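Have a look at the structure below before the remarks.
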Amino acid sequence: MKSDFLRRFLKNRLALSGLIIVLFFFLVSFFAPLISPHDPAEIDRDNILSSPSWEYVFGTDKTGRDVFSRMVYGSRISLKVGFVAVGISLIIGIFIGAVAGYYGGIADAIVMRFVDVMLCFPAFFLILAVIAILEPSIWNIMIVIGITGWMGIARLVRAEFLTLKERDFVLAAKAQGVGGMRIIFRHILPNAMGPILVAATLGVAGAILTESALSFLGIGIQPPTPSWGNILTEGKDTIDIAPWLSLYPGLAILVTVLGYNLLGEGIRDAMDPRLREGGAEK
Amino acid sequence: MIEQNKKISVESESVIEVKELAISYETRKGEVPAVRGVSFQVGRGETLGIVGESGCGKSTIALSIVGSLGKNGRFANGSINFLGEELIGRSFDDLRRIRGNEIAMVYQDPTQALNPALKLGRQLAEVLTTHQDISFEGAWQQSIKMLEQVRIPDPDQVMHRYPHQVSGGQKQRVVIAMALLTNPSLLIMDEPTTALDVTIEAQVLDLVDDLKNDFDTAIIFISHNLGVVARVCGNIAVMYAGVMVEKGPIEKVFASPLHPYTKGLLDCIPKLGMTKTTSQLIPIKGRVPVPAEITEESCIFYPRCDFREDVCNNSQPEFLWGDGDHGTRCFFTNVISKKSKKRKVVKKSEVERPDGSATSIDNDILLSIDHLKVYYSHKSNVSYFSKKKFVKAVDDVSLNIKEGETLGIVGESGCGKSTLARGVIGLEDVTGGGGDFLGFDLSVPLSNRNIEFIREIQMVFQNPDSTLNPSYSVGKQIARPVKRFGIVPRRSVDEEVYRLLSAVHLAEHYYGRYPRQLSGGEKQRVGIARALASRPDLVIMDEPLSALDVSVQASVINFLLELQETQKTTMIFIAHDLSVVRYLADDVAVMYMGQIVERGPADAIYAPSYHSYTEALLSAVPIPDPAITKKRIRLLGEVQSSINPPTGCRFSTRCQRREMLLDNGKLCEREGPQWQRSEKGNWILCHIPVVELSQVEPIVHGRGKGAKSKLRPARARY
Numbered sequence: 001m002k003s004d005f006l007r008r009f010l011k012n013r014l015a016l017s018g019l020i021i022v023l024f025f026f027l028v029s030f031f032a033p034l035i036s037p038h039d040p041a042e043i044d045r046d047n048i049l050s051s052p053s054w055e056y057v058f059g060t061d062k063t064g065r066d067v068f069s070r071m072v073y074g075s076r077i078s079l080k081v082g083f084v085a086v087g088i089s090l091i092i093g094i095f096i097g098a099v100a101g102y103y104g105g106i107a108d109a110i111v112m113r114f115v116d117v118m119l120c121f122p123a124f125f126l127i128l129a130v131i132a133i134l135e136p137s138i139w140n141i142m143i144v145i146g147i148t149g150w151m152g153i154a155r156l157v158r159a160e161f162l163t164l165k166e167r168d169f170v171l172a173a174k175a176q177g178v179g180g181m182r183i184i185f186r187h188i189l190p191n192a193m194g195p196i197l198v199a200a201t202l203g204v205a206g207a208i209l210t211e212s213a214l215s216f217l218g219i220g221i222q223p224p225t226p227s228w229g230n231i232l233t234e235g236k237d238t239i240d241i242a243p244w245l246s247l248y249p250g251l252a253i254l255v256t257v258l259g260y261n262l263l264g265e266g267i268r269d270a271m272d273p274r275l276r277e278g279g280a281e282k
Numbered sequence: 001m002i003e004q005n006k007k008i009s010v011e012s013e014s015v016i017e018v019k020e021l022a023i024s025y026e027t028r029k030g031e032v033p034a035v036r037g038v039s040f041q042v043g044r045g046e047t048l049g050i051v052g053e054s055g056c057g058k059s060t061i062a063l064s065i066v067g068s069l070g071k072n073g074r075f076a077n078g079s080i081n082f083l084g085e086e087l088i089g090r091s092f093d094d095l096r097r098i099r100g101n102e103i104a105m106v107y108q109d110p111t112q113a114l115n116p117a118l119k120l121g122r123q124l125a126e127v128l129t130t131h132q133d134i135s136f137e138g139a140w141q142q143s144i145k146m147l148e149q150v151r152i153p154d155p156d157q158v159m160h161r162y163p164h165q166v167s168g169g170q171k172q173r174v175v176i177a178m179a180l181l182t183n184p185s186l187l188i189m190d191e192p193t194t195a196l197d198v199t200i201e202a203q204v205l206d207l208v209d210d211l212k213n214d215f216d217t218a219i220i221f222i223s224h225n226l227g228v229v230a231r232v233c234g235n236i237a238v239m240y241a242g243v244m245v246e247k248g249p250i251e252k253v254f255a256s257p258l259h260p261y262t263k264g265l266l267d268c269i270p271k272l273g274m275t276k277t278t279s280q281l282i283p284i285k286g287r288v289p290v291p292a293e294i295t296e297e298s299c300i301f302y303p304r305c306d307f308r309e310d311v312c313n314n315s316q317p318e319f320l321w322g323d324g325d326h327g328t329r330c331f332f333t334n335v336i337s338k339k340s341k342k343r344k345v346v347k348k349s350e351v352e353r354p355d356g357s358a359t360s361i362d363n364d365i366l367l368s369i370d371h372l373k374v375y376y377s378h379k380s381n382v383s384y385f386s387k388k389k390f391v392k393a394v395d396d397v398s399l400n401i402k403e404g405e406t407l408g409i410v411g412e413s414g415c416g417k418s419t420l421a422r423g424v425i426g427l428e429d430v431t432g433g434g435g436d437f438l439g440f441d442l443s444v445p446l447s448n449r450n451i452e453f454i455r456e457i458q459m460v461f462q463n464p465d466s467t468l469n470p471s472y473s474v475g476k477q478i479a480r481p482v483k484r485f486g487i488v489p490r491r492s493v494d495e496e497v498y499r500l501l502s503a504v505h506l507a508e509h510y511y512g513r514y515p516r517q518l519s520g521g522e523k524q525r526v527g528i529a530r531a532l533a534s535r536p537d538l539v540i541m542d543e544p545l546s547a548l549d550v551s552v553q554a555s556v557i558n559f560l561l562e563l564q565e566t567q568k569t570t571m572i573f574i575a576h577d578l579s580v581v582r583y584l585a586d587d588v589a590v591m592y593m594g595q596i597v598e599r600g601p602a603d604a605i606y607a608p609s610y611h612s613y614t615e616a617l618l619s620a621v622p623i624p625d626p627a628i629t630k631k632r633i634r635l636l637g638e639v640q641s642s643i644n645p646p647t648g649c650r651f652s653t654r655c656q657r658r659e660m661l662l663d664n665g666k667l668c669e670r671e672g673p674q675w676q677r678s679e680k681g682n683w684i685l686c687h688i689p690v691v692e693l694s695q696v697e698p699i700v701h702g703r704g705k706g707a708k709s710k711l712r713p714a715r716a717r718y
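Encoded structure:
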């Protein structure tokens, strides 16, 4: 099945391009010091708002900093926020969903009503409010995005557990006297990882988008630390004379989010061939 | 019946004639042949049974006739002539017109064949209004008539119901009625009774039998169950790995099979009456080849054949007609037919218990279940405050199992047999009563049980596809209980796993395999190895065979017997197949609606005096031998819900023996019966005096010898 999975995944061009995009940004952020020609904070007073040139590939901003270098370093922020926030969501979501799905009954009812309540808050405004009270640091942003984004994963995990817990191998483990937590994490969870992985990949895209939006509004990553969102925000004041300032970060956000979404959907399709190829082989 | 069929076939032209049909599927490994060299014809009023194990191409034939092979299916050769018209190569629209009017199909699962959102009447009438120029009112009336013909009581009412409001057997009748509405020339039934309980199956088979007289439809009846085919078909075609290996009138094929595969199939199923001490099942060695393994050079059955010679490896046998209308695809037909006249019945006298047959009385009681009750609370949707109701899944069951023996538990689905097993092992909480197992109290919930207690009871599950955890290798899954219960020192865990693998006849390299790489039979064996890993005293088997093909089933049965001989394991064997239970079990308990209605030694259960429910179950078992006639007992209605069991005797609403009592058994509705013991040693829960029950005629009549021989047909018949 694993080789089948790879074959189906590699056959899907969109999924493959998603993977390439994601890998590309990974490499960029990893090798940021090598790639960027300037220090992202270095100010060149002679080249303020200069248009793209050989010296400054993406041009410079209104304080004369190299946009390309800032973009390269900004990709680190996006990646970090995306993965850490989703990691937090996963930990909360898997635990809550697994407990609700496996134990059922009252535990399920209480936990899922809590999920419903959480979903009632407009997440983005909740984040705005929290960040407005706390100081907007990268860690706060990651944590807040993480703890407002686990509900979907919890529901998904619960649904998976509801069907998996009825399978005979779970009964077999119970019949051997294996305890609840062990059954949840050792016996059931590995079988639910597929859909969780898909949700996580799509979640990364969402988190990156949220971080960019926060930074654009000025309550995300604070300058001078570069992030795609705050580069974009600086660009908006000068969009009529220096459109590259807004264009490149905007494109970067778009392509990254698209990449994660394509990758996530590609994994989903490759895992469940019925969605694509149609007609079971008899 | 067979003579009659033949007469008709001589008079009328065939409805469908398939010649040299070959179908292949496109896959990424290239074109894979699914069906090859299939020829048959079915005339009006004739019934052709197509049998074979899973994956042998039965359904592909059916799909090719109705033109729904799917995108990757392709006709490689041959013709399908239907009422003088060639079906292969026709456009989809043509096929749809012919199919709807003249070819009808009944599928395995009636719940999926009916639209849950529409009333049955609407669905039935629609069949007519789309295909014929008829008013809705007229179609409605015609549908009611058709429902009457498929013996549905109160058809007016049923027309106004939704699918979920009628029972499974009724649903399948509605589906059959729907298929017959347009009076098709050809009716294809693909495993129509596989999803049904044995008593309901018997009713549907009766219906199919009657339909042959009422309609002159040609029927193709596809089934994996030889007993079912023997019950309704005039002719039979045996498929193996996509090739039709034998074809002929049912009597001849069953009496003297010409192909080694047919012979193998007949030898590997336990007939009702065979027991582990009188005869041995002979499994077919190896397994059905996957399409990619099939070569054109050798006989398709060569790798598994007991009669093979060199010539079989070098050339493929043609289909030859042997005895008139009975033909096969084999070089050594003569040898096989001679051998099959005298059936191999291997007596296991030497392998019998070393200390003789009287052991059963002396063995200690390992498990005693004492008035065990398992209730589920039933959530009422009507009101939040309404009284809590209970499903009495197991209600007051008492049983004893002796060490080293096998207790068979039989009953229809929903009778509580699985719940009883789960109650014993602790997977369900016990509501009342209890029992004793090696000094442990059965009513203790699993989480509070002593680790020794847990170790000594293990379970084998029904579904081979879900019994193993897909995420771990076979070896790891077997190693877990070994480590958990500290069976062997840590460093020799792997050794122990290899030992267990070899005990279930799996080679060492299976250690690293994942469940998805195994076949159903192999998975089930790994499941058994896992259950045995803790070296339990009691193994509960919950329908371990029902999802397996018959040849695989035989090897698992043999292997279970071997285990019991070598390890003295005590087993509770739950099954709905009464022949298998008879074969394996020392003691049998028959369950109905959460209660045991009859229990005792196996041979006593399967002979009068019967409980009337046991009698009906036995009568419903399809026997793979057309020469055997059975008394036909059909129960009224279907199993009722255990939420509101009938007062008095629970079986009173369906019992066919009530007339033996005064007032047609008014007593049965008022009072619950008491246990009575028969001379043979079985206990019966019934009001009718056991002396009268023992006068009842036995169910099965053997060939010629009369009723008396019925209990030992394994010897008497062959």
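Chains as they are written, first to last, in my numbering: chain F, 1 to 282; chain C, 1 to 718. The beta-carbon is built from N, C-alpha and C at its ideal position, and this holds for glycine as well. Given the structure is predicted, the values throughout are model-derived calculations rather than measurements.
In terms of residues, what are the limits of the alpha helix (DSSP H) holding residue i?
i: residue 683 (chain C); result: Per DSSP, residue 683 (chain C) belongs to no alpha helix (DSSP H); it is in the beta strand (DSSP E), 683-685.
i: residue 46 (chain C); result: Counting along the chain, residue 46 (chain C) falls outside any alpha helix (DSSP H), and DSSP gives it neither H nor E.
i: residue 83 (chain F); result: 67-103
i: residue 505 (chain C); result: No alpha helix (DSSP H) holds residue 505 (chain C); DSSP gives it neither H nor E.
i: residue 168 (chain C); result: 168-180
Can you name, in chain order, every residue of its own chain whose Cβ lies under 6 Å from the Cβ of residue i, other than the five neighbours on each side?
i: residue 205 (chain F); result: 257, 260 and 261
i: residue 13 (chain C); result: none
i: residue 265 (chain F); result: none
i: residue 328 (chain C); result: 246, 258 and 259
i: residue 406 (chain C); result: 571, 573, 584, 585 and 586
i: residue 685 (chain C); result: 597, 673 and 675
Going by the beta-carbon positions, is the gap between residue i and residue j smaller than 8 Å?
i: residue 596 (chain C); j: residue 590 (chain C); result: yes
i: residue 624 (chain C); j: residue 49 (chain C); result: no
i: residue 305 (chain C); j: residue 554 (chain C); result: no
i: residue 191 (chain F); j: residue 232 (chain F); result: no
i: residue 545 (chain C); j: residue 556 (chain C); result: yes
i: residue 24 (chain C); j: residue 31 (chain C); result: yes
i: residue 427 (chain C); j: residue 409 (chain C); result: no
i: residue 169 (chain F); j: residue 466 (chain C); result: yes
i: residue 228 (chain F); j: residue 249 (chain F); result: yes
i: residue 262 (chain C); j: residue 238 (chain C); result: yes
For residue i, which residues in the same chain have their Cβ closer than 7 Å to its Cβ, ignoring the five residues on either side in sequence?
i: residue 60 (chain F); result: 44, 47, 48, 49, 50, 66 and 67
i: residue 429 (chain C); result: 445
i: residue 308 (chain C); result: 302
i: residue 422 (chain C); result: 428
i: residue 363 (chain C); result: 402, 403, 404 and 405
Report all residues from its chain with a CB closer than 8 Å to the CB of residue i; omit the five preceding and five following residues, and keep chain order.
i: residue 219 (chain F); result: 128, 131, 132 and 136
i: residue 16 (chain F); result: 9, 10 and 266
i: residue 86 (chain F); result: 146, 149, 200, 203, 204 and 207
Taking residue i and residue j to be in contact with their CB atoms under 8 Å, please state how far apart those CB atoms are, rounded to whole angstroms.
i: residue 113 (chain C); j: residue 76 (chain C); result: Going by Cβ atoms, the distance from residue 113 (chain C) to residue 76 (chain C) rounds to 30 Å, so no, they are not a contact pair.
i: residue 615 (chain C); j: residue 699 (chain C); result: 6 Å
Quick check on the DSSP output: the beta strand (DSSP E) that includes residue i runs from which residue to which?
i: residue 677 (chain C); result: 675-677
i: residue 214 (chain C); result: Taken as a continuous stretch (DSSP letters only), residue 214 (chain C) belongs to no beta strand (DSSP E), being part of the alpha helix (DSSP H) at 198-214.
i: residue 19 (chain C); result: 14-27
#### Entry: Every unbroken alpha helix (DSSP H) inside the segment 19-45 of chain F [4 residues or more]
32-35
### Message
Restricting to runs no shorter than 4 residues, where is the alpha helix (DSSP H) found entirely within the segment 254-312 of chain C?
### Response
Correct list: 260-267.
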